[in-house]
């Protein structure tokens with residue numbers, strides 16, 4: 001084929017220039033990306049579809065100091081998510097807040113939601129309210145040292161706080177405050193003996209029936 005991807009089969013003999021339709025993949029002059037166009041001859045410029053950006057020596061005469069127009073996608077320093085800026089050869093990725101959606105949890109792990117990463121731009125710690133995360137809008141502000149080690153978190157809500165208090169109470173007293181009626185029944189049975197079994201209920205039922213008949217008779 002014209003893109004040197006390999007031999008093409010079952011092609012009419014009168015066709016001279018054959019495109020295999022595979023991705024060109026010649027390196028672009030930016031040094032970061034490869035040509036995304038379908039298989040084409042080296043006489044045609046490489047670059048994003050609809051552009052005149054040149055590729056390497058075989059694909060055009062592009063300037064390696066000019067971006068090719070594709071998304072950078074190199075890992076960002078703050079969060080390692082792919083850079084969403086346009087190709088910028090020879091320049092560091094812009095220090096802007098990352099908009100990549102990521103899974104965040106609250107400190108206790110009960111809440112989780114998809115929220116924007118929010119790191120970068122001088123801030124590496126982002127906290128969202130659970131209400132904001134649920135609606136897709138973060139309400140927290142960024143804080144941090146720029147190390148990239150912090151994680152995006154949701155703010156715990158009132159239910160998280162209630163469960164935390166109950167856990168502290170259970171640890172201090174040995175009583176599970178979240179067990180409800182089931183826990184109370186278990187505590188009663190432990191203190192006053194096991195609950196009546198089916199045979200016991202049958203015996204007491206017969207006794208009460210006999211007593212009622214004698215009273216009536």
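In the UniProt record's numbering, the protein residues as written are 1 to 217. Each residue gets a CB set at the ideal place from its N, CA and C atoms; glycine is no exception.
Counting C-beta neighbours from all protein chains within 10 Å, is the total for residue 38 16 or more, i.e. buried, or is it exposed?
exposed
Would you mind sorting residue 70 into buried or exposed? The rule is 16 or more other CB atoms within 10 Å of its CB.
buried
Quick check: residue 112 and residue 119, are their CB atoms within less than 8 Å of each other?
no
Name the one or two DSSP bridge partners that residue 105 has.
112 and 153
Taking just the CA atoms, how far does residue 212 sit from residue 206?
10 Å
If we ignore side chains and look at the alpha-carbon of each, how far apart do residue 79 and residue 155 end up?
20 Å
Can you give me the Cβ contacts of residue 67 inside the same chain, cut-off strictly under 7 Å, excluding the 5 residues immediately before and after it?
30, 86, 87, 88 and 89
So what does DSSP say about residue 74, is it helix, strand or coil?
Correct three-state label for residue 74: coil.
With DSSP as the reference, label residue 34 as helix, strand or coil.
strand
Can you grab the Cα-Cα spacing for the pair residue 2 / residue 19, in whole Å?
6 Å
For residue 25, which residues from the same chain have a beta carbon less than 7 Å from its beta carbon, with the 5 sequence-adjacent residues on both sides left out?
Here the set comprises 34 and 35.
If I'm right that residue 100 touches residue 117 with Cβ under 8 Å, what's the distance once you round it to whole angstroms?
5 Å
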